[in-house]
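Engineer:
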């Protein structure tokens, strides 16, 4: 069984640009979560999508947004990139909506110059 | 806000040694998860503990959930270089099962 996949693995942008990150959950999982892992800050919850709807949002500005497609894959968009957005962005999925057991992908490393 | 504090922050030991690391909170959690993350990769789920006092074993790793469900420990017996990594504990917070993570414990096992 394939795990959570993310693309691209690395992304380099300049300040002010937009970044789009993609995630495919484990087959059969309907919930997708996004986390940011920045140096020194640990993993911080960004967004939770289930059945195409945004269910919960972490303490991040509105320029962090996303969506979930009918096939349950998801996209994270970050607009007006700032240097502090440089981080590893992790996607996770769970079998049960809002499930406590989440399985993570390998992440997308975003570097903002 | 439910916070998870992990200690020690860094640990460097020799192959074959035993170690115990901790995940503590002042809040009660319905469950706690332990993950291991290697550089450049996503966290890999090791175990979920649910019942107060529960002990789970995964080969040389022993996980315990505190009786009051506020803390957890991870004990590694005869550590090996392959155990090197960042160990994260996490627990669900809020009504929508957002996972809150501790900052992690960086373990280095020297051959």
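Residue numbers (this note's numbering), protein chains in the order written: chain A, 1 to 113; chain B, 114 to 224.
We treat Cβ as the ideally placed atom computed from N, Cα and C, and that holds for glycine.
Decide if residue 28(A) is buried, meaning its Cβ has at least 16 other Cβ atoms within 10 Å, or exposed.
Structural biologist: Your numbering for residue 28(A) matches position 28 in the first chain. Exposed, because fewer than 16 other Cβ atoms sit within 10 Å of the Cβ of residue 28(A).
Engineer: Roughly how many angstroms separate the alpha carbons of residue 158(B) and residue 150(B), rounded to a whole number?
Structural biologist: Here residue 158(B) refers to the residue found at position 45 of the second chain. Here residue 150(B) refers to the residue found at position 37 of the second chain. Taking the straight line from one Cα to the other gives about 9 Å.
Engineer: Closest Cβ-Cβ distance between residue 106(A) and chain B: below 9 Å?
Structural biologist: Residue numbering aside, residue 106(A) sits at position 106 when the first chain is read from its first letter. Yes, because at least one Cβ of chain B sits closer than 9 Å to the Cβ of residue 106(A).
Engineer: Once DSSP output is grouped into helix, strand and coil, what is the label at residue 39(A)?
Structural biologist: Walking along the first chain from the start, residue 39(A) turns up at place 39. Three-state result, residue 39(A): coil.
Engineer: Looking at the C-beta of residue 33(A), does it have a partner C-beta in chain B at a distance below 9 Å?
Structural biologist: Sequence index remark: in the first chain, residue 33(A) carries index 33 (1-based). Judged by the 9 Å Cβ criterion, residue 33(A) is in contact with chain B.
Engineer: Going by CA-CA distance only, name the one from 67(A), 111(A), 40(A) that's closest to residue 46(A).
Structural biologist: As a working note, residue 46(A) is residue 46 in the first chain. Of 67(A), 111(A), 40(A), the residue nearest in Cα terms is 67(A).
Engineer: Mind checking which residues open and close the beta strand (DSSP E) that includes residue 55(A)?
Structural biologist: Sequence index remark: in the first chain, residue 55(A) carries index 55 (1-based). Start and end: 53-57.
Engineer: Are the beta-carbon atoms of residue 56(B) and residue 174(B) separated by less than 9 Å?
Structural biologist: For chain B, the structure presents residues 114 to 224; residue 56(B) sits outside this window and is missing.
Engineer: Identify, in the order they occur along the chain, each residue of the same chain with its Cβ nearer than 7 Å to the Cβ of residue 189(B), setting aside the five sequence neighbours on each side.
Structural biologist: As a working note, residue 189(B) is residue 76 in the second chain. Here the set comprises 131, 132, 173, 174, 196.
Engineer: Could you give the DSSP three-state label for residue 75(A): helix, strand or coil?
Structural biologist: Locating residue 75(A) in the first chain gives position 75, counting from the first residue. Reduced to three states, the DSSP call for residue 75(A) is strand.
Engineer: Can you give me, in chain order, the residues of the region 153-179 of chain B that have a beta carbon less than 8 Å from any beta carbon in chain A?
Structural biologist: 153, 154, 155, 156, 157, 158, 161
Engineer: Any beta carbon from chain B within less than 9 Å of residue 100(A)'s own beta carbon?
Structural biologist: For the purposes of this step, residue 100(A) is identified with residue 100 of the first chain, where counting begins at 1. Put simply, the CB of residue 100(A) is near chain B, with a gap under 9 Å to one of its CB atoms.
Engineer: Here's the rule: buried if 16 or more other CB atoms are within 10 angstroms of the residue's CB, otherwise exposed. What is residue 63(A)?
Structural biologist: Residue mapping note: residue 63(A) aligns to position 63 of the first chain, counting from 1. It counts as exposed.
Engineer: Just to make sure I have the definition right: I need the residues of chain A whose C-beta is within less than 7 Å of the C-beta of residue 214(B). Which are they?
Structural biologist: Residue mapping note: residue 214(B) aligns to position 101 of the second chain, counting from 1. Neighbours of residue 214(B) on chain A, chain order: 42, 43.
Engineer: Taking only beta-carbon positions, decide if residue 200(B) is within less than 9 Å of chain A.
Structural biologist: Here residue 200(B) refers to the residue found at position 87 when the second chain is read from its first residue. Judged by the 9 Å Cβ criterion, residue 200(B) is not in contact with chain A.
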